[in-house]
Amino acid sequence: MRILLASASTRRGLILQERFSDVVQKPLANVDERVPRGPVSEQVQQVSLRKSSAVSFPIDADVVVVADTLVEDPDDENAALGQPEDVTHATSMLLRLRGRRHRVWSATSVYAMERWNTTIECSIVEFSEFSDDVLVELIESHSWKGKAGGYDLAGAMGEYARLVEGSESTVLGFTEESLDYLNDLSQLL
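Take 0 as the starting number for the sequence shown in our numbering and just add one per residue.
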């Protein structure tokens, strides 16, 4: 089964390459990822649907995968923390999340057998009350770049965060249900 991952995310690419032998990664161009205020679950679904609409057919793959992940502001369920724009933005996000629990939403759309299947899942992550020195290390490591909420649970932040509820894959960029669906498809295609 040949999978086209329409994403620039290195982490998403690694997750699929660990599970499947034939994965091609090609980022989508010009997808509007801005979303209006509203429940973060709806925001992440809207972006995933925009990404699926941006896929150009025909494609040289059996399956296409697009995904989006957003961190919900712990003080406002209608505010999403997407990817930080710069060091100041990343620092602000990590300070906002430090010592607190927050929700991480992922939406994954899988195109196979001439139809899209979209799933949305939420996990809860808790940050420790890490020191300012640790904050500086996290920022200087640049591990925040390209990461919703300014952190990578499987990277530098892993030492200071724990999964409270849900699946790690949801925090890293794919719904668990979509990965199960891909496993099922690999038996069929």
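Note that the Cβ used here is the ideal one computed from N, Cα and C, for glycine as well.
Would residue i be called buried (16 or more neighbouring beta carbons within 10 Å of its own) or exposed?
i       : result
Ser-52  : exposed
Thr-9   : exposed
Ser-20  : exposed
Ala-160 : buried
Asp-67  : buried
Ser-130 : exposed
Met-112 : exposed
Asp-132 : exposed
Ala-28  : exposed
Arg-114 : exposed
Glu-71  : buried
Val-135 : exposed
Leu-188 : exposed
Arg-11  : buried
For residue i versus residue j, is the C-beta distance shorter than 8 Å?
i       : j       : result
Val-54  : Ala-5   : yes
Pro-38  : Glu-84  : no
Thr-107 : Ser-177 : yes
Val-22  : Ile-2   : yes
Gln-125 : Arg-95  : Residue identity check: residue 125 is Glu in the sequence provided, not Gln. Cβ distance not < 8 Å, so Glu-125 and Arg-95 don't count as in contact.
Leu-80  : Ala-147 : yes
Val-34  : Val-46  : yes
Ile-123 : Gly-149 : no
Trp-143 : Ala-78  : no
Glu-167 : Leu-152 : yes
Among the candidates the options, whose CA atom is the shortest distance from the CA of residue i?
i       : options                            : result
His-141 : Asp-132, Gly-154, Leu-80           : Gly-154
Gln-16  : Met-112, Leu-188, Ser-166, Leu-181 : Leu-181
Arg-102 : Met-156, Ser-130, Val-163          : Val-163
Gly-172 : Gly-145, Ala-78, Thr-90            : Gly-145
Ser-185 : Ser-91, Val-109, Leu-27            : Val-109
Ala-7   : Lys-50, Glu-136, Asp-183           : Lys-50
Ile-119 : Lys-25, Arg-11, Glu-41             : Glu-41
Thr-117 : Val-43, Leu-13, Arg-18, Val-170    : Val-43
Pro-189 : Met-156, Gly-157, Glu-139, Arg-97  : There is no way to answer for residue 189, as the model of the chain reaches only from 0 to 188.
Ile-138 : Ser-91, Thr-174, Thr-169           : Ser-91
Ile-58  : Lys-25, Leu-69, Asp-183            : Lys-25
Counting only runs of 4+ residues fully inside the stretch 45 to 118, write out the alpha helix (DSSP H) ranges in chain order.
86 to 96
Hey, which unbroken runs of the beta strand (DSSP E) at 3 residues or more fall wholly within the stretch 7 to 47?
22 to 24
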